[in-house]
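2 protein chains.
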Amino acid sequence: MRIACLCGGVGAARFLQGLVQVVDPSSITAIVNTGDDIEINGLMVSPDIDIVIYHLAGVVDEERGWGIKGDTFNCLKAMERFNLEAWFKLGDADLATHIFRTHMLRRGLRLSEVTEMERRAFGVAVKVIPMTDDRVTTMVKVDGKWVHFQDYMVKMACQGVVEGVGFAGVEKAKPAPGVMEALEEADVIIIPPSNPIVSIRPILSIEGVKDAVAKAERVVAVSPIVGGKTIKGPADKLMAALGFEVSPKGVAEIYKGLIKFMVIDQVDSHYAPQIEQMNIKVGVTNTIMRDLESKKALAAFALNLALGRQP
Amino acid sequence: MRIACLCGGVGAARFLQGLVQVVDPSSITAIVNTGDDIEINGLMVSPDIDIVIYHLAGVVDEERGWGIKGDTFNCLKAMERFNLEAWFKLGDADLATHIFRTHMLRRGLRLSEVTEMERRAFGVAVKVIPMTDDRVTTMVKVDGKWVHFQDYMVKMACQGVVEGVGFAGVEKAKPAPGVMEALEEADVIIIPPSNPIVSIRPILSIEGVKDAVAKAERVVAVSPIVGGKTIKGPADKLMAALGFEVSPKGVAEIYKGLIKFMVIDQVDSHYAPQIEQMNIKVGVTNTIMRDLESKKALAAFALNLALGRQP
């Protein structure tokens, strides 16, 4: 069995930690959002790729959801002297990844090649592919001004009125090698609980991706909205700002026509009938990933739902 | 009074620590060797510039003679995972300097501009200028093979038979802005105890530098050879390999026609007559820089010798 996952950051990474417990990790391809990528002080940072790989490698700082467990921040502190950008918290061990990525990209390698080297360096069996090797940048219009998504999320701590979201460069972006194959050959496509606006939409906006997903039979999404809010990140704010209901129903509206199955949390079970009217079969379970057991249970539930097995 | 110093790494940096105690630091220009510069994992490292600035800023790891006091090496350790070059020991706080330099150079700034920003960031009053903004690379021929000086010194720990030393790119290199002015306007030019072969020769090989030094009246060198060996680094090995006597006399031969004064150590006082025959006035004193007092005394001694004052 082959599984393709469309992945943002923490939510997807935690889901994958469960998924590798229920299927052979090498049967999974994680297609990862790169719209959040940013060049900081000349270093190329791919936050979602690193979050996915660090989680799967078991080195992530679980509490923060990013960076490396027990990392120090001595370089970052020293950067202040030079007025370098220090708002994006890069730990010392984490920096090695960005130095490596930057070095390889400057040598002419593609992001997908570097990502393959990175996941191997971390001993990760799941295939991790950036959505594209081209530069796509998620921009958020806040109080009348377009800013990089990282500026909005980290620098501005998601404050301000969001008026729009766009993906600069997406028109010309091609899917990275392996993306289309993974989608076309997948027995199941999973959209883990990621931000539908700024994590999944960029992936779906890459040429050919949306059509490939729409064509697939077994596509299941897990709602990142539980009880009217997100577990992590600004999905709720962004959905509201763009006029979507902040609920599994709102998520289903975003994915309508693309997914055939949807997992929603027990607290949201009353949304099931409305979602099923959109021709989406709903599975209700606990979707809060507190520990490895709950991650594993959620992954198994989503997979079984898509496969038509009794969950 | 204006002073120009031709500087290598540790020896020069320690001498400068003394010199700033006896004259106004802002009257000193340090023209620094960049032949040891190396690109490591895509980062531009200028070892001698950093050694000079770190010493003058009082942040250097005095014991090692390079890097930052109390620094951690967590990024370096993490680099091993990626098979990145880890033989060149870059500390975490030290890395900020290289990330800054690389970022600014890639933005199109010249090394001299970046170095000026660096010394200001570290609050250093001495003007620090790289010998050139062009790439010059000191190469050492060891056992029949040309290698980068850092490979010879760090990776090979100065093992092997040295057959030659060359400076790749030096023919086309121009002195950095301020180098010629500093030499021409200097009341005294000092060559602190640096490696004459791989620290001072590259500087003297830059177009116009040797002539400017030869033209100056008050040029004083401090012998880096004491009692037949160097305090730090491979000057003795390299001098012997290139056929020079490993003594202040050998050093004098290298600088003959360029310097008018030379400071040698008490243990080498018997070389004074032979050196004076080369038309170089000799001053004998303790040249071992153990502490700030001895650095200060040596700097004052060299300066007074060149100025014709009673030391």
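Residue numbers (the working numbering), protein chains in the order written: chain A, 1 to 311; chain B, 1001 to 1311. Built from N, CA and C at the ideal position, the CB exists for glycine as well.
- Listing by chain order, which chain A residues have their CB less than 7 angstroms from the CB of I1051(B)? In the second sequence, counting from the first residue as 1, residue 1051(B) sits at position 51. In chain order: nothing, as chain A lies at least about 16 angstroms away.
- Query: T355(A) versus chain B: which residues are under 9 angstroms apart at the beta carbon?
  - Reply: An answer regarding residue 355(A) cannot be provided, because it is not within the stretch 1 to 311 covered by chain A.
- Message: Can you tell me where the beta strand (DSSP E) holding E1163(B) begins and where it ends?
- Response: Along the second sequence, one-based indexing puts residue 1163(B) at 163. 1162 to 1168 is the span of the beta strand (DSSP E), which, as asked, contains E1163(B).
- Just the chain A side, please: which residues come within less than 8 angstroms of L1084(B) by C-beta, in chain order? Within the second sequence, numbered from 1, the residue matching residue 1084(B) stands at position 84. Result: A96, I99, F100, H103.
- Item | N1033(B) and S1247(B) closer than 7 angstroms at C-beta | Numbered from 1 along the second sequence, position 33 holds the residue referred to as residue 1033(B). Numbered from 1 along the second sequence, position 247 holds the residue referred to as residue 1247(B). Contact: no.
- Item | Collapsed DSSP secondary structure at D50(A) in the structure displayed | As a first step, residue 50(A) must be located in the first sequence, where it is residue number 50. Shown here, D50(A) sits in a helix according to DSSP, grouped into three states.
- Item | Collapsed DSSP secondary structure at D1265(B) in the structure displayed | Start at 1 with the first residue of the second sequence, and residue 1265(B) comes out as number 265. Of the three classes helix, strand and coil, the one that applies to D1265(B) here is strand, per DSSP.
- Query: Relative to the C-alpha of N74(A), which residue among N83(A), V59(A), R81(A), G91(A) is closest?
  - Reply: Working through the first sequence from its first residue, we reach residue 74(A) at position 74. The residue with the shortest Cα to Cα distance from N74(A) is G91(A).
- Task: Quick one: which residues of the segment 39 to 65 of chain A get their C-beta closer than 8 angstroms to a C-beta of chain B? List them in chain order.
- Result: Listed by position along the chain: N41, G42, L43.
- Relative to the C-alpha of G283(A), which residue among G257(A), H148(A), Q310(A), I129(A) is closest? The residue given as residue 283(A) occupies position 283 in the first sequence. It is Q310(A).
- Task: Please say whether L19(A) and A214(A) have beta carbons closer to each other than 7 angstroms?
- Result: Counting from one through the first sequence, the residue named residue 214(A) turns up at place 214. Counting from one through the first sequence, the residue named residue 19(A) turns up at place 19. Here A214(A) is not near L19(A), since their CB atoms are 7 angstroms or more apart.
- Query: Count the other CB atoms within 10 Å of the CB of E118(A); is the residue buried (16 or more) or exposed (fewer)?
  - Reply: Residue 118(A) sits at position 118 when you count from the first residue of the first sequence. Burial is judged here by how many other beta carbons sit within 10 angstroms of a residue's own beta carbon; E118(A) has at least 16 and is buried.
- Task: Report the three-state DSSP secondary structure of P175(A) (helix, strand or coil).
- Result: Translated into the one-based positions of the first sequence, residue 175(A) becomes position 175. In this structure, P175(A) counts as strand in the three-state DSSP scheme.
- Cα separation between D151(A) and T138(A)? One-based indexing of the first sequence puts residue 151(A) at position 151. One-based indexing of the first sequence puts residue 138(A) at position 138. Near 10 angstroms, if we compare the C-alpha coordinates of T138(A) and D151(A).
- Query: Hey, is the segment 1252 to 1259 of chain B in contact with the segment 1227 to 1237 of chain B, meaning 3+ C-beta pairs nearer than 8 angstroms?
  - Reply: The segment 1252 to 1259 of chain B, when compared against the segment 1227 to 1237 of chain B, does not touch it at the 8 angstroms Cβ threshold.
- Message: If I measure Cβ to Cβ from V1365(B) and keep anything under 6 angstroms in the same chain, skipping five residues before and after, which residues do I get?
- Response: Given that chain B is displayed from residue 1001 to residue 1311, the structure contains no residue 1365(B) and the question cannot be resolved.
- Message: Do L111(A) and N326(A) count as a contact pair if the criterion is CB distance below 7 angstroms?
- Response: Residue 326(A) lies beyond the stretch modelled for chain A, which goes from 1 to 311, so this question has no answer here.
- Message: Taking 6 angstroms as the limit between beta carbons, can you name the residues of its chain near A221(A), skipping five residues before and five after?
- Response: Locating residue 221(A) in the first sequence gives position 221, where the first residue counts as 1. If we look at A221(A) and ignore the five residues flanking it on each side, its Cβ neighbours are I191, Y255, I259, M262.
- Message: Using beta carbons (cut-off 7 angstroms, strictly below), is R1119(B) in contact with chain A?
- Response: For the purposes of this step, residue 1119(B) is taken as residue 119 along the second sequence, with counting starting at 1. No, R1119(B) lies away from the interface with chain A (no Cβ there is under 7 angstroms from its Cβ).
- Using 10 angstroms around the beta-carbon of R1101(B), count the other beta-carbons present and answer buried if the total reaches 16, otherwise exposed. Within the second sequence, numbered from 1, the residue matching residue 1101(B) stands at position 101. R1101(B) comes out buried.
- Message: Could you check whether V1170(B) and V1142(B) sit closer than 7 angstroms to each other, using their CB atoms as the reference points?
- Response: Mapped onto the second sequence, residue 1142(B) falls at position 142. Mapped onto the second sequence, residue 1170(B) falls at position 170. No.
- Would you say T1072(B) reaches chain A, if we count a Cβ-Cβ gap shorter than 7 angstroms as a contact? Counted from its first residue, the second sequence places residue 1072(B) at position 72. Proximity of T1072(B) to chain A, defined by a Cβ-Cβ separation below 7 angstroms, is satisfied.
- Item | DSSP three-state assignment for I1203(B), whether helix, strand or coil | Within the second sequence, the letter at position 203 stands for residue 1203(B). The answer is helix: DSSP assigns I1203(B) an H, G or I state.
- Item | Of the residues A1240(B), I1129(B), D1024(B), the one placed nearest G1164(B), counting alpha carbons only | On the second sequence, position 164 is the one that residue 1164(B) refers to. Of A1240(B), I1129(B), D1024(B), the smallest CA-CA separation from G1164(B) is found for A1240(B).
- If we count Cβ pairs, one from each stretch, closer than 8 angstroms, do we get three or more for the segment 1124 to 1136 of chain B versus the segment 1062 to 1081 of chain B? Contact fails: fewer than three Cβ-Cβ distances are below 8 angstroms.
- Task: Find the nearest neighbour of R1002(B) within the set G1208(B), V1023(B), K1210(B), D1291(B), judged by alpha-carbon distance.
- Result: To locate residue 1002(B), count along the second sequence from 1; it is residue 2. Answer by Cα proximity: V1023(B).
- Message: Could you check whether the Cβ of R1110(B) sits closer than 7 angstroms to any Cβ belonging to chain A?
- Response: Position 110 of the second sequence, counted from the start, is the residue given in the question as residue 1110(B). Among the residues facing chain A, R1110(B) is not included, as its CB has no counterpart in that chain under 7 angstroms away.
- Message: Using the three-state DSSP reduction, which class does T1137(B) fall into: helix, strand or coil?
- Response: Counting from one through the second sequence, the residue named residue 1137(B) turns up at place 137. Here DSSP, grouped into helix, strand and coil, assigns T1137(B) to strand.
- What span of residues does the beta strand (DSSP E) with V1032(B) cover, start to end? In the second sequence, counting from the first residue as 1, residue 1032(B) sits at position 32. Run containing V1032(B): 1028 to 1032, per the beta strand (DSSP E) assignment.
- Nearest to F15(A) (by Cα), restricted to the options K89(A), I231(A), R106(A), F82(A): Locating residue 15(A) in the first sequence gives position 15, counting from the first residue. That would be I231(A), whose Cα lies nearest to the Cα of F15(A).
- Output yes or no for whether 7 angstroms exceeds the beta carbon distance between M289(A) and I206(A). Walking along the first sequence from the start, residue 289(A) turns up at place 289. Walking along the first sequence from the start, residue 206(A) turns up at place 206. No, the Cβ-Cβ distance between M289(A) and I206(A) is not below 7 angstroms.
- Query: Just the Cα atoms here: how many angstroms apart are E1039(B) and V1045(B)?
  - Reply: In the second sequence, the residue the question calls residue 1039(B) occupies position 39. In the second sequence, the residue the question calls residue 1045(B) occupies position 45. Rounded to the nearest whole angstrom, the C-alpha separation of E1039(B) and V1045(B) is 6 angstroms.
- Task: Write down the C-beta distance between I28(A) and C5(A) rounded to the nearest angstrom, noting that I regard them as a contact closer than 8 angstroms.
- Result: The residue labelled residue 28(A) in the question sits at position 28 within the first sequence. The residue labelled residue 5(A) in the question sits at position 5 within the first sequence. Between I28(A) and C5(A) a beta carbon distance of about 7 angstroms is seen, short of the 8 angstroms cut, so the two are scored as contacting.
- Message: Taking the alpha helix (DSSP H) that C1075(B) belongs to, which residues open and close that run?
- Response: Working through the second sequence from its first residue, we reach residue 1075(B) at position 75. Where C1075(B) is concerned, the enclosing alpha helix (DSSP H) starts and stops at 1074 to 1079.
- From the beta carbon of D1037(B), is the nearest beta carbon of chain A less than 7 angstroms away? The residue labelled residue 1037(B) in the question sits at position 37 within the second sequence. Taking Cβ atoms only, chain A never reaches closer than 7 angstroms to D1037(B), which makes this a no.
- Item | DSSP bridge partner residues for E984(B) (one or two, in chain order) | Coverage of chain B is limited to positions 1001 through 1311, which leaves residue 984(B) absent and any answer about it impossible.
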